[in-house]
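So the structure is just underneath, and the comments pick up after that.
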Amino acid sequence: MKQTRPTDDIAADALHFLPLGGTGEIGMNLNLYGLDGKWLMVDLGISFADESLPGIDIIMPDPTWIEDRRDDLIAIVLTHAHEDHLGAVAHLWPELRVPVYATPFAAGVLRHKLIEAGLQDEVEVHILDDDKPLVLGPFTIGLLPITHSIPEMRSLVIDTRFGRVVHSGDWKLDPEPLVGPATRPEDFTAAGDAGVLALVCDSTNVLKAGRSGSESRVRDQLMEIVGRCKRRVAVTTFSSNIARVQTIAEVAAAHGRDLVLVGRSVNRMVSVARECGYLPGLRAPIPPKEAGFLPPDKTLLLCTGCQGEPNGAMARIAAGEHPDIGIDAGDTVIFSSKVIPGNERSLFALHNTLARSGVEVVSELDHFVHVSGHPARDELTDMYRWVRPRIAVPVHGEARHLYEHAALARSLGVPEAPVLRNGDILRLAPGPATIVGQAETGRLALSGSGLVPVDGLLVRERRRLVFNGAATATLVVDQEGKPIAPLRVTTIGIFEDGTEDDILEDMEAELARELRALRTAERRSDANLTEAVRRAVRRVVRRLSGHRPTTIVEVVRVGDKPARKGRKVSEVEAA
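In full-length UniProt numbering, the protein residues as written are 1 to 575.
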């Protein structure tokens with residue numbers, strides 16, 4: 001068990017805010033509030049890796065700083081069920097071991113994740129009650145329902161002896177949200193009337209003028225598009241966007257099409273939503289195994305993989321690799337989702353694959369088939385006029401979003417608007433808002449079933465393998481360290497197959513120079529021989545290809561003494 005230490009490095013008689021993830025970036029939200037030596041965690045989410053992290057799909061914030069203070073962590077409160085807000089709980093909870101509080105829908109989504117992790121009997125999950133304040137140590141937490149693209153989004157009103165903090169979470173203003181009630185401005189105005197010390201607020205769409213738009217407009221556009229389609233239609237969106245699932249179900253029913261859910265995550269989300277009383281008019285979807293028997297003009301597929309993920313249902317269908325679902329020329333695929341920055345290459349490659357197959361591709365780039373779940377500038381302006389905080393704390397955005405959000409808040413009369421980075425310890429009170437320290441931060445990658453640092457040895461070597469290839473070399477020597485067989489070298493991802501033989505002569509000549517530089521006693525050391533081979537191989541490969549490959553060397557000694565193999569060493573270890 002990890003040893004914990006008290007929070008004696010931060011003044012206990014002050015109210016602090018500390019983001020360990022989700023500030024200066026979009027995703028991986030992990031926020032902490034500290035008071036009287038106790039800490040409250042709000043959200044614990046993941047993000048999805050890009051091509052710079054080969055073999056990694058999921059990354060999450062490194063919670064080491066709060067792990068070291070685990071005895072002072074009271075609880076985790078989840079604002080909603082999106083992956084970037086609760087997706088890391090099942091991975092990181094074993095190091096935190098505190099109660100978790102969530103709405104019924106978020107608790108239902110989390111339950112499935114805990115079952116997969118074998119933690120369903122260990123994690124204490126409590127259901128939040130909108131009508132009953134939650135008292136956790138020095139924090140009293142009220143809940144304000146607010147519109148988002150997923151059911152039961154809750155902004156938090158956190159009351160402390162130093163004042164009130166409104167933690168917005170993800171939100172938007174939609175007069176016709178389709179799923180759940182519309183946001184009630186009077187709730188936020190009432191919170192502001194009591195005096196608000198700080199508003200910790202979503203910055204995602206601060207650069208977008210006007211308003212984010214209504215889900216009802218998306219429904220109208222999808223009704224029109226699907227209505228003119230003569231053959232099979234597939235729609236792909238975020239599985240957690242239950243409002244969009246409701247929209248697509250209504251569109252399918254209106255046009256006499258059977259709805260087929262394709263992908264495990266969308267089936268799971270729909271199941272949890274129905275358990276919680278959402279999607280009441282949804283007819284039982286057709287199983288994918290039966291979809292092939294439906295007439296194309298009576299079929300609407302709702303698929304996972306809207307960002308072009310290789311394992312998503314849409315990519316597998318486009319590649320002809322899905323066991324149950326196919327798509328043909330003349331069909332239509334609608335990407336009812338945002339093009340997330342960083343995913344353009346994989347997503348547009350999928351668009352091109354479909355287009356080459358004669359499939360019509362529709363996306364937000366050319367039709368109004370997606371609406372954001374985050375507030376644009378006019379909605380942010382409304383929120384500030386309702387809440388009227390003394391301090392604006394922009395979160396949930398990249399640096400350009402945070403600075404623009406801070407400027408907007410100041411223009412609306414907010415006296416203080418500090419811009420933070422992950423790890424900044426912000427004192428909210430007493431006194432002016434001040435960054436008083438820096439906490440350890442980092443990122444963890446889910447590799448197989450374990451967590452490893454994103455900047456650690458394993459990920460560095462994997463990245464080096466992807467971008468520079470690998471070389472393995474075997475040298476057989478006698479007991480005095482003299483070669484008694486030709487050097488054997490194999491490369492991967494550097495040269496065309498079969499070209500190693502052409503460069504062996506260069507490598508052996510380079511190795512001979514390295515060995516001549518070693519004294520007799522030095523040749524008796526496997527470490528010295530390993531390093532000589534490594535230098536020789538890398539020098540020749542770099543000269544001929546420009547690559548600096550991961551190089552693994554094996555030294556084998558034979559002779560009067562029993563044969564022994566030297567330890568395999570890569571260049572990262574050697575460095």
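Glycine is no exception: its CB is placed at the ideal position from the N, C-alpha and C atoms. No experiment lies behind these values; they were computed from the predicted model shown.
Boundaries of the alpha helix (DSSP H) in which residue i is found, first to last residue
{"i": "Arg385", "result": "377 to 387"}
{"i": "Phe188", "result": "185 to 193"}
{"i": "Pro104", "result": "104 to 117"}
{"i": "Thr520", "result": "520 to 523"}
Pairwise C-alpha distance: residue j and residue i
{"i": "Thr491", "j": "Asp297", "result": "52 Å"}
{"i": "Ala445", "j": "Pro94", "result": "16 Å"}
{"i": "Thr381", "j": "Glu440", "result": "34 Å"}
{"i": "Ser214", "j": "Gly469", "result": "49 Å"}
{"i": "Lys208", "j": "Thr23", "result": "19 Å"}
{"i": "Pro394", "j": "Ser216", "result": "29 Å"}
{"i": "Gly546", "j": "Leu53", "result": "22 Å"}
{"i": "Arg70", "j": "Thr236", "result": "41 Å"}
{"i": "Ser239", "j": "Thr140", "result": "33 Å"}
{"i": "Ala12", "j": "Glu531", "result": "53 Å"}
{"i": "Leu78", "j": "Val100", "result": "8 Å"}
{"i": "Arg390", "j": "Leu143", "result": "21 Å"}
{"i": "Val489", "j": "Arg460", "result": "23 Å"}
{"i": "Arg427", "j": "Val157", "result": "18 Å"}
{"i": "Gly195", "j": "Val362", "result": "47 Å"}
{"i": "Ser570", "j": "Gly277", "result": "In this prediction, Ser570 has a pLDDT of 45, which is less than 50 and means its spatial position is unreliable; what the coordinates show is noted afterwards. So the alpha carbons of these two residues sit roughly 56 Å apart."}
Three-state secondary structure (DSSP) of residue i
{"i": "Phe293", "result": "coil"}
{"i": "Arg97", "result": "coil"}
{"i": "Gly308", "result": "coil"}
{"i": "Ser570", "result": "Confidence is the limiting factor: at Ser570 the pLDDT is only 45, short of 50, which leaves the residue's position unreliable and the question unanswerable from this model."}
{"i": "Asp506", "result": "helix"}
{"i": "Pro145", "result": "strand"}
{"i": "Pro562", "result": "Bear in mind that the predicted position of Pro562 carries a pLDDT of just 48, short of 50, making it too unreliable to give a figure here."}
{"i": "Pro287", "result": "coil"}
{"i": "Arg557", "result": "strand"}
{"i": "Ile158", "result": "strand"}
{"i": "Glu25", "result": "strand"}
{"i": "Gly281", "result": "coil"}
{"i": "Lys298", "result": "helix"}
{"i": "Gly227", "result": "helix"}
{"i": "Ala512", "result": "helix"}
{"i": "Leu128", "result": "coil"}
{"i": "Leu173", "result": "coil"}
{"i": "Leu20", "result": "strand"}
Counted within 10 angstroms of its Cβ, other Cβ atoms place residue i as buried (16 or more) or exposed
{"i": "Phe105", "result": "buried"}
{"i": "Asp130", "result": "exposed"}
{"i": "Val179", "result": "buried"}
{"i": "Lys113", "result": "buried"}
{"i": "Asn311", "result": "exposed"}
{"i": "Asn241", "result": "buried"}
{"i": "Leu282", "result": "buried"}
{"i": "Val436", "result": "exposed"}
{"i": "Glu186", "result": "exposed"}
{"i": "Leu302", "result": "buried"}
{"i": "Ile327", "result": "buried"}
{"i": "Ala392", "result": "buried"}
{"i": "Ala563", "result": "Annotation note: pLDDT 47 at Ala563 (below 50); position unreliable, coordinate value reported separately. Per the 10 Å Cβ criterion, exposed."}
{"i": "Phe188", "result": "buried"}
{"i": "Gln3", "result": "In this prediction, Gln3 scores a pLDDT of 38, lower than 50, which makes its location untrustworthy; the coordinate-derived value is nonetheless stated afterwards. Exposed."}
{"i": "Phe293", "result": "exposed"}
{"i": "Ile334", "result": "buried"}
{"i": "Ile66", "result": "buried"}
{"i": "Gln479", "result": "exposed"}
{"i": "Lys289", "result": "exposed"}
{"i": "Pro285", "result": "buried"}
{"i": "Arg542", "result": "exposed"}
Enclosing beta strand (DSSP E) for residue i [first to last residue]
{"i": "Lys38", "result": "38 to 44"}
{"i": "Arg164", "result": "163 to 167"}
{"i": "Val541", "result": "Val541 -> not in any beta strand (DSSP E); alpha helix (DSSP H) instead, spanning 526 to 545."}
{"i": "Arg488", "result": "488 to 492"}
{"i": "Val233", "result": "233 to 236"}
{"i": "Leu136", "result": "134 to 136"}
{"i": "Gly34", "result": "30 to 35"}
Chain C within 9 Å of residue i, Cβ atoms only
{"i": "Phe48", "result": "Included in the structure is just one protein chain, with no chain C present."}
Residue i CB to nearest heavy atom of the ligand FMN below 8 Å
{"i": "His148", "result": "The ligand content of the structure shown is nil, which means the ligand FMN is not present either."}
Continuous beta strand (DSSP E) assignments of at least 3 residues falling wholly in the region 395 to 472: Uninterrupted beta strand (DSSP E) stretches at least 3 residues long and entirely within the region 395 to 472 occur at 424 to 429, 434 to 438, 443 to 447, 450 to 453, given in chain order.
In chain order, what are the residue ranges of uninterrupted beta strand (DSSP E) at least 3 long that sit wholly in the region 311 to 376? 332 to 335, 360 to 363
Where in the region 196 to 224 do unbroken runs of the beta strand (DSSP E), each at least 3 residues long, occur, reported from the N-terminal end onward? 196 to 202
At what residue ranges does the region 243 to 278 contain a whole run of the beta strand (DSSP E), taking only runs of 3 or more? Complete beta strand (DSSP E) runs here, min 3: 258 to 262.
Can you list the alpha helix (DSSP H) stretches of 4 or more residues lying completely in the region 60 to 90, in chain order? Within the region 60 to 90, the complete alpha helix (DSSP H) runs of at least 4 residues are 64 to 67, 83 to 86.
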